[in-house]
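Undergrad:
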Amino acid sequence: MMKPVKGSLTILADNIVVGKVESLGEHGFSVYLETDKGVYLFDTGKGGTIVHNATVYKKDLASLRNIILSHGHGDHTGGLPEVLRFHKQIDVLGHPDIFLNRFRKEEDGTERYGGIPYTRGYLEKMGARFVLNRDYSEIDRGFYLTGEVPRETDFELGDMGDRYGIRDGKAVPEIILDDQSLLITTERGLLIVLGCAHSGIINIINHAIKMTGVDTIFAIIGGTHLGFSGQVQLEKTIAALKTYHIEHLIPGHCTGIEVATRLSREFEKIFHFSHVGRVFEF
Ligand SMILES: [Fe+2]
Ligand SMILES: [Fe+2]
19 MMKPVKGSLT ILADNIVVGK VESLGEHGFS VYLETDKGVY LFDTGKGGTI VHNATVYKKD
79 LASLRNIILS HGHGDHTGGL PEVLRFHKQI DVLGHPDIFL NRFRKEEDGT ERYGGIPYTR
139 GYLEKMGARF VLNRDYSEID RGFYLTGEVP RETDFELGDM GDRYGIRDGK AVPEIILDDQ
199 SLLITTERGL LIVLGCAHSG IINIINHAIK MTGVDTIFAI IGGTHLGFSG QVQLEKTIAA
259 LKTYHIEHLI PGHCTGIEVA TRLSREFEKI FHFSHVGRVF EF
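Numbered according to this note's numbering, the sequence shown spans residues 19 to 300.
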């Protein structure tokens, strides 16, 4: 077997703040990874907190090898310009749909833009070198991006109801094909870092096991979107999660406080609350 990756991650953007009083929360997500292969940033939050929290937790945004984007939503990509300021040029990895023009209809009938809040040209001028890929790919030895995740379970429908994107000038239903997760092979099994898990956390786990051939899950960390996905999906996801060997479950961001609290009871022995500044070693 390949040499496992060792390191630690620190959550730099999340909805919940616990611990250092100076840290700031926002509806967004970002993880700083320090490993024996180098330093990586997974997502950038919404933009209002990443640089501030990196300073609070003494994380050097200038030392990144690259930036990985889980998907194009603004709460994961909005901090890109802030991070690019620390680099002359840097690779930014993601799916081509991160630049999709996407909207969400709100209950009051208004429409909200939900995509990446900057143009590709602007970000390239700021130093981003986009490396876009739809498929499962190796980022570095032991680091993989899932690529598009097959939507196979019948209960992971997410909250796609009133989202749409503009493709070839036409409004089409938006299922967030760009949703990718980061997979790291560690000594104790797979570390799965989710952005929002719009593909469904069970679909993601199944795809991760299939593509890496590793079926022990050391940890799952990140946004599960279960806070927005409805009761049926939540119950079926909980039942399905219990069928895997998972050592640590750290759901954050779009999981929401209510669902996170429920999961903390269902998975008492393996559950940890996610928050800005949370460190996890692997
Ligand atoms: Fe999100
Ligand atoms: Fe999202």
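Ideal placement from N, C-alpha and C gives every residue a C-beta, glycine not left out. None of the values given here were measured: they were computed from a predicted structure.
Tell me whether the beta-carbon of P269 lies closer than 7 Å to the beta-carbon of L252.
TA: no
Undergrad: Tell me the residue span of the alpha helix (DSSP H) that contains P99.
TA: Membership of P99 in the alpha helix (DSSP H) is indicated by the continuous run L98 to L102.
Undergrad: Any chance you could list the beta strand (DSSP E) runs of at least 3 consecutive residues sitting entirely within the segment 58-90, in chain order?
TA: Qualifying beta strand (DSSP E) stretches, in chain order: 84-86.
Undergrad: When you compare the segment 94-102 with the segment 63-74, are there three or more beta-carbon pairs, one atom per stretch, that lie closer than 8 Å?
TA: yes
Undergrad: Taking its Cβ as the centre, do 16 or more other Cβ atoms sit within 10 Å of G90, making it buried, or is it exposed?
TA: buried
Undergrad: Which residues count as close to ligand 2 when the rule is a CB under 6 Å from any of its heavy atoms, in chain order?
TA: H89, H91, C214 and H216
Undergrad: Pick helix, strand or coil for H113, following the three-state DSSP scheme.
TA: Three-state result, H113: coil.
Undergrad: Closest to L259 by C-alpha separation, out of G231, I288 and R130, would be which residue?
TA: I288
Undergrad: Determine the direct distance from the alpha carbon of L267 to that of V36, and round the result to whole angstroms.
TA: Roughly 18 Å separates the two Cα atoms.
Undergrad: Please classify S26 as buried or exposed, where buried requires at least 16 other C-beta atoms within 10 Å of its C-beta.
TA: exposed
Undergrad: Among S88, V250, T279 and K64, which one has its Cα closest to the Cα of M171?
TA: In the sequence on display, residue 171 carries Thr and not Met. The shortest Cα separation from T171 among S88, V250, T279 and K64 belongs to V250.
Undergrad: Between G241 and ligand 1, is there a pair consisting of the residue's CB and a ligand heavy atom that are separated by less than 6 Å?
TA: Between ligand 1 and the CB of G241, the shortest heavy atom gap is smaller than 6 Å.
Undergrad: In the structure shown, what three-state DSSP assignment does L201 receive?
TA: Of the three classes helix, strand and coil, the one that applies to L201 here is strand, per DSSP.
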